[in-house]
Amino acid sequence: MGNDLKASVLHLYKEHYLCNKKWCSYKRNPDKYRTTVSLTSLSLRQKLAEIVGEYTSGDNIEKIAPCASTKEVECFHSMLANKAPKAKHLCSSTSLECRVDCTVAQKNISYGYISQVYEECGISPGKINEKLSEKLAVKRKLKMITRIQQKINGENYVENRL
Ligand SMILES: [Zn+2]
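Each step along the sequence shown adds one to the number in full-length UniProt numbering, with nothing skipped, and position 31 is 31.
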């Protein structure tokens, strides 16, 4: 995955020697390849290489995609899509940053993050809020246990929506 990330920068500059056939249509068929994005700025290229280099260096690549799986990232995107739906134009709104922050908090510390924010602000989280957070956290854990049990049994996970 690290090589693919590095190759993606070069790909944008029409250099395909590191590209993978899985995602580079030039590698699959150079005669029919039509570039969609072609960059020429060398300063941008250097900056992009630096940014990608940060993600691919050391064990950072393992953090991005543990065991070369993007499940965690896809899970985060799904959670973010619930808080900031694509159908609504939120990128110019200041609420987007808050929505992303809430998603990160939910991913890292589960639903109890709302109570923690209240407590940090010196406000009582409220009994209803705490009960709801606990209920959602339990539901999340049960879902995970069900998934693991189904995986162990070789079954495909089927989400039960109420
Ligand atoms: Zn390519």
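Quick reminder that beta carbons are idealized off the backbone N, C-alpha and C, glycines included. Predicted model, so just to flag it, every value in this text is computed and none were measured.
A Cβ-Cβ contact shorter than 8 Å links K27 with H16. About 4 Å separates the beta carbons of G2 and T56, which is inside the 8 Å limit, making them a contact pair. Just so you know, the alpha carbons of D4 and S124 end up roughly 48 Å apart. When secondary structure is reduced to three states using DSSP, I123 falls in the coil class, being assigned neither helix nor strand.
Ranked by Cα distance from C102, the first of F76, I148, I61 and D59 is F76. Ordered by chain, the residues meeting the criterion of a beta-carbon within less than 7 Å of a non-hydrogen atom of ligand 1 are A7, H11, H16, C19, C24, Y26 and K27. Its chain contains L18, V52 and T56 as the residues whose beta carbon lies nearer than 7 Å to that of K6, once the 5 sequence neighbours on both sides are disregarded; these appear in chain order.
Between S110 and A137, the CB-CB gap stays under 8 Å. Distance from V9 to R34 at the Cβ level is roughly 20 Å; contact not present, criterion being Cβ atoms closer than 8 Å.
Assignment of A87 by DSSP, reduced to helix, strand and coil, places it in the coil class.
In chain order, D4 place their CB closer than 6 Å to the CB of N20, counting only its own chain and leaving out the 5 sequence neighbours on each side.
For V52, the enclosing alpha helix (DSSP H) starts and ends at L42 to T56.
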